[in-house]
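Presented below is the structure to which this report refers.
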Amino acid sequence: MTPRRILVVEDNPLNLKLIRAVLQFAGYDVIEAQSGEEGLDVAQQDPPDLVLMDLQLPGIDGTETLRRLRQGSLRRDVPVVAVTAFAMAEDRERAALAGFDGYVEKPISVRDLPGQIEAFLTGASEATGESPRASEAAGRNPRGSV
Amino acid sequence: MSRSGEGGTVVDPSERSSRTARISRDTFRQELRDARHQSAASRKILAALGRAVANPGDVLDTVLEEAAQLCGAQVAQLYLLEGDVFRLSRVSGEIPEEYRKHLEDHPVVRNRSSAVGRAAEDMYTHQIPDVLNDPEYGREDLQQRAGFRTMLATPMILQDELVGVLSMWRTEVKRFDARERELLEDFAVQGAIALRQRDLMLELDSRGKELASKVEQLEALREVGEAVGSSLDLDEVLDRIVSNAVRLTGTDGGSIMEYDESGDSFHVRAASGSSSDLLEQLRAITIDRESTLVGRTALERKPLEVADLAKEDKLDPHLDILFRDGWRSVLAVPLLRGDKMVGVLVIRRRTVGTFPPEVSELLQGFATQSVLAIVNARLFRELQTKTMELEIASRHKSEFLASMSHELRTPLNAVIGFSEVLLDRMFGEINERQDEYLHDIRNSGRHLLELLNEILDLSKVEAGQMVLEPSTFGVSSVVESTLAMVRERATRHAITVTVEIADDIDTIEADVLQFKKVVLNLLSNAVKFTPDGGRVSVRAYREGTDLVVTVVDTGIGVSPEDQERIFESFQQGRRGAPKEEGTGLGLTLSRRIVELWGGRMWLESTPGSGSTFGFSVPGLPEQEDDVASPERDKLPVVVLVDDDRASLDLLSAYLDGSGTRVLRARDGIVALEQIRKVPPVAVVLDIKLPRLDGWQVLAELKADPATAAIPVVIASVVDDRPRGLALGADEYLLKPIRRDDLVDALRRVGALGGSS
C-alpha cells in the first residue's frame, strides 16, 4: 500500500517542520503549504488523503480555505482536520461550524498525532465518505500507529 | 409743667372764678381754641408719623410747621448734632439765603452765645427774649442776616442723648409764653421720635440695600460655584464667572486671561461685554508676563487698575486693543492658587475713573471661583488623559498577552515537540546523557508552558474575562481522572493517595475544565510537598448544595505566617520544594477561580504534621432528604426555605426531636417543587430568596388549591407582618428567631403536637 498523503497547511515553519518530522516518521507522505492559497494549489496538483490545517493563516484563513477546497477538486471523503489552539472553546466551535471533520489541539502531541491522523483516515474510509465525529476520533489510540 | 408761667395769659382755674365772666369766657375760648389747634397739630403729627414709614422727613417738616404756626413764630428750625456742632437740618418759614449759607460755614456750637447752644449745653429749654439785649448772646452775625429778636430753643433728647435742637424765633421782641414753650417741648419729643425713626429707616434702607447687594453677590457666587461644581466645561463656567463679575461690579465688560505655563504668557479664555471683533483681536495677541498690566498683576499678586487709559504714556498690546475699542478704565485681579499663577480676571469700563475698594474686593471672590473652575477643569482634563492612557495601556496589555499566547507558545511547542521527537528515537538512537538532557529540555519547556498558561488565566480572571462554562458532570469520575495525572509521581515517591467521595455526591454543575485545574493543583501540590512514604487523602462531601473537596497531606505543613501569603502570586511558602517544581501561580489561580464561581478556598495546617487544603463550590443538586428510611418517611414533613445555609442549619436543629422530618430549600423555585411533591404540615419561609422571593412563593402557594391549606410561617429579617398576613401567612417571625418562637408558632398552626 502506497503511503497515505497528508497535506499540512501551516504558516509557522517550525510547527510545519515538527509535524512533518512526526508524520514522516509515522510513515506518511507529507506535502506542505504555508498559506491557504498555496494549500489550494497543492491540493489541486497533488490530491491528498487528508488535510491538516491551521485555523489561523495569513491571507485567507483556514475556514475560507476549507470552503474553497470543498468547492474545488477535493474528494468529498478526504477529511480536513483543523489545528486549534489549546483550550479555546470558540476555536473548536468555529471549526465544527465551518464543517471541519475534526480537530487536533495545539500544542500537537508528538506521540499522539500519528494515532489521531490514522483515526481520521480509517474513520473516513470505514464510514465511506461520512466524516467521523472529531471528538471520537481525536485522542483515540494514543500511540496507535507509531 | 405749670401753666402759670411768665406770660400770664394762662390763668389758674382757681383764680378764674374771681374774674369777670367775660374775661373768663374769653380766656376759656382762647384756651379751647389753643387746645383744639394743639390737638389738631398733634393729630397731624401723628398722622405724619403714621406715614413716616414712607418718609420720616415728613414728620419733621410737619413738626416745624405746626410749631411755628401754633406758637406764632416766623421761623422754626431743626438743628442736628454733627460732631461737635449743630447744623441746620430743616426749616419752616422764610429764611434769607445769606443766613443759610453763613450758618453752613459757621455752625452753632454748644455754648452760651445762642439759644440753641444754651439749650444744648443745659439740656433744657432756653428763651432769649431779645437777642440784642442779652449780654451773653454772641451770634450777632446770624441776627444781622435774619433779623430775629426773640428766640426759643429746646433740646431734642433720645435715650438721654442729645440729637438736636428745635428752635423758633420772632422778628419782634415778644416772649414765648409757657404754653408755647411747652408746645415746643412736646414737638421736640415727637421730632426726636421722628428723627429716630428716620435714622432707623435710613439704616434699614442702607442695610437692606447692602443686604440686597450681598444677596445678589452671594447668589452670583453661588451660581458660579454651582457651575464650577457641576460643569466641567471650563469655557462655560468662566463665561458665567466673567458675566457675573461684570454685572455685579456694574462695569461694562471683562475677560479671564489664563496663564499658559509653557509659553509663560496669558491668553484670553473667556469674555463678557466684548464684541466678537474685540475678542478676535484679544485672541490674536500674546500677553507676556513682564510688560503688561495683566502680567504685572500676576507678578505683584495684587489687583492693579488703570483709571484712564487715555492718560497712560504707553499702552501694552492688550490695553492698546482695549483703548482702541473704546474702553477707558481697567481693573485686573490675579487668579492664584497658593503660589501658582492660574490667570488674571480683568473688568473694564467705557468710562474713566478709579474702582472703589468694594469692587476690587468683590472681584477677588470671583477670582477664587475662577481659580477653582480652572483647576477643576485641568484636573478633569488630566484625568481624561490618564484614563485614556490607562485604556490604551490596558489594551496593550491584552494585546501583549494575546500575542504572548501565540508568539511564546509556538516556539515553546517546538522545543517540547522536537525534544520528544528525539526522545522517541524517531531519528535514531541517543545515548544516556543525551536522553537526560533532552528530558531536561522537554520538562523545562513544559514548565514554561504551564507558567504561561497560568499567567494568561490569571490575567483573564483579573480582567474579568474568565468565562466559566458550566456543565453537569460526575464528581467522582473527574476526581479519579485528575488523580490519575499525579499517580505516577506519587507511586515513584511511595506516597499513598486515597479518595473518599461521600455517597450523596453524584453530579455537580460547574466548569469541568476549571474544576479539574483546581483539583489537580491541590493534588499535585500535596504530592509535591509530601515526603516519600507519606500519605495524601482526597475527600469530597456535601454541605447543603455546596461540594466540599479537601486534600490532606502528611507534608511539612505551612507556618501560620505563610498560610495567607501562600495564596499570593509567586509565594510557595517555605515548604522546601525545589523552585522549578511549580509556577507559584497555581494556588493564586485556583483560589481566584473558586471565588469567581462563588465558592471559597482555605488552608488549615500545623507545621510538621501536614496541611489540609480545601475548597467549596456551589452546584450540587438539592438534596431531597437526608437518609431515606421507612420510619422517617412516615414523619410529618416541615419544609424550611432559606437561602442561608447557617439559618437552615439552625432552624433544622431547633426541630430536632420535634417528631418532624425536615426538608430544606434554598430558593423559591425549589421550595415550590418540594412543597408540591411532599405536602408538608408547615412551611417555614424566608422572604429574601433567590429566583423567586418569599412573597411570590407565598402567593403561589395560596393561589393553588392543592397547597392553599398548608400553613406558612414566615421567618425573615424583613419586617412586614401586615403584608405577610394579607398574603395568607399564618405566623410571622422576625429574625433572629429563638427555638421557642419557632416551636410555638408551628404548634399554633397545628404542625407540631402538644409536646416537643
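Listed in order, the protein sequences are those of chains A and B.
Residue numbering for the first sequence follows my numbering, starting at 1 and increasing by one per position.
Residue numbering for the second sequence follows my numbering, starting at 1001 and increasing by one per position.
By construction, the Cβ of each residue, glycine as well, lies at the ideal position given by its N, Cα and C atoms.
I'd like to know whether the C-beta of residue i is nearer than 7 angstroms to at least one C-beta of chain A.
i          : result
Asn-1521/B : no
Met-1485/B : no
Met-1426/B : yes
Val-1421/B : yes
Under 7 angstroms, Cβ to Cβ, is there at least one residue of chain B near residue i?
i         : result
Val-30/A  : no
Ala-82/A  : no
Val-51/A  : no
Ala-33/A  : no
Pro-114/A : no
Pro-107/A : yes
Val-104/A : no
Ala-43/A  : no
Phe-120/A : no
Val-110/A : yes
Taking the alpha helix (DSSP H) that residue i falls in, what are its first and last residues?
i          : result
His-1106/B : Neither: His-1106/B is in no alpha helix (DSSP H) and is coded neither H nor E.
Tyr-1654/B : 1645-1654
Gly-1295/B : 1293-1300
Tyr-1437/B : 1432-1462
Gln-1281/B : 1276-1284
Arg-1591/B : 1586-1596
Trp-1695/B : 1694-1703
Gly-39/A   : 36-45
Arg-1324/B : 1317-1324
With distances taken between CB atoms, is the gap from residue i to residue j smaller than 7 angstroms?
i          : j          : result
Gly-1445/B : Leu-1483/B : no
Ile-60/A   : Val-42/A   : no
Val-1352/B : Ser-1329/B : yes
Ala-1540/B : Ile-1501/B : yes
Val-1294/B : Ile-1287/B : yes
Ile-1508/B : Val-1475/B : yes
Ala-1367/B : Leu-1401/B : no
Arg-1661/B : Leu-1648/B : no
Val-110/A  : Val-22/A   : yes
Glu-18/A   : Pro-48/A   : The sequence shown places Leu at residue 18/A, not Glu. Not in contact: Leu-18/A and Pro-48/A (Cβ atoms no closer than 7 angstroms).
Met-1156/B : Ala-1115/B : no
Phe-1615/B : Val-1536/B : no
Thr-1150/B : Arg-1179/B : no
Val-1499/B : Val-1538/B : yes
Leu-1452/B : Leu-1408/B : yes
Leu-1689/B : Asp-1643/B : yes
Going by alpha carbons, who is nearest to residue i out of the options?
i          : options                                        : result
Phe-1323/B : Glu-1564/B, Leu-1547/B, Gly-1253/B, Phe-1187/B : Gly-1253/B
Asp-1160/B : Gln-1143/B, Asp-1177/B, Ala-1120/B             : Ala-1120/B
Ile-1495/B : Glu-1469/B, Pro-1618/B, Thr-1554/B, Pro-1129/B : Thr-1554/B
Glu-1290/B : Arg-1748/B, Asp-1177/B, Leu-1299/B             : Leu-1299/B
Ala-1245/B : Ile-1347/B, Gly-1753/B, Thr-1125/B, Glu-1480/B : Ile-1347/B
Gln-56/A   : Thr-84/A, Arg-68/A, Asp-46/A                   : Thr-84/A
Thr-1606/B : Arg-1565/B, Asp-1562/B, Val-1558/B, Val-1641/B : Val-1558/B
Gln-1144/B : Pro-1155/B, Leu-1132/B, Ala-1153/B             : Leu-1132/B
Asp-1546/B : Arg-1118/B, Val-1617/B, Ser-1611/B             : Val-1617/B
Ile-1556/B : Thr-1410/B, Leu-1309/B, Phe-1529/B             : Phe-1529/B
Ala-1682/B : Val-1712/B, Ser-1537/B, Leu-1589/B             : Val-1712/B
Ala-1703/B : Ala-1729/B, Lys-1688/B, Asp-1720/B, Arg-1110/B : Ala-1729/B
Asp-985/B  : Asp-1719/B, Phe-1355/B, Val-1268/B, Gly-1263/B : Here chain B covers residues 1001 to 1756 and nothing more, so residue 985/B does not appear.
Which residues mark the beginning and the end of the beta strand (DSSP E) in which residue i is found?
i          : result
Pro-1618/B : 1610-1618
Leu-1309/B : Looking at the DSSP string, Leu-1309/B is not in any beta strand (DSSP E), and its letter there is neither H nor E.
Leu-1725/B : First-last for Leu-1725/B: 1721-1726, but that is the alpha helix (DSSP H), not the beta strand (DSSP E).
Leu-1080/B : 1075-1082
Gly-1253/B : 1253-1260
Thr-1117/B : In the sequence on display, residue 1117/B carries Gly and not Thr. Segment 1115-1122 is the alpha helix (DSSP H) holding Gly-1117/B; no beta strand (DSSP E) there.
Val-1519/B : Val-1519/B -> not in any beta strand (DSSP E); alpha helix (DSSP H) instead, spanning 1512-1528.
Gln-1127/B : 1126-1128
Phe-1086/B : 1085-1092
Under the criterion of a Cβ to heavy atom distance below 6 angstroms, does residue i qualify as lining the ligand MG?
i          : result
Val-1518/B : Within the structure as shown, the ligand MG is missing, as the structure has no ligands at all.
Can you give me, in chain order, the residues of the region 5-18 of chain A that have a beta carbon less than 9 angstroms from any beta carbon in chain B? Asn-12, Leu-14, Asn-15, Lys-17, Leu-18
Scan the region 1407-1418 of chain B for residues whose Cβ lies nearer than 8 angstroms to a Cβ of chain A and list them as they occur along the chain. Arg-1409, Thr-1410, Pro-1411, Leu-1412, Asn-1413, Ala-1414, Ile-1416, Gly-1417, Phe-1418
Along the region 90-101 of chain A, what residues have a CB closer than 9 angstroms to any CB found in chain B? none
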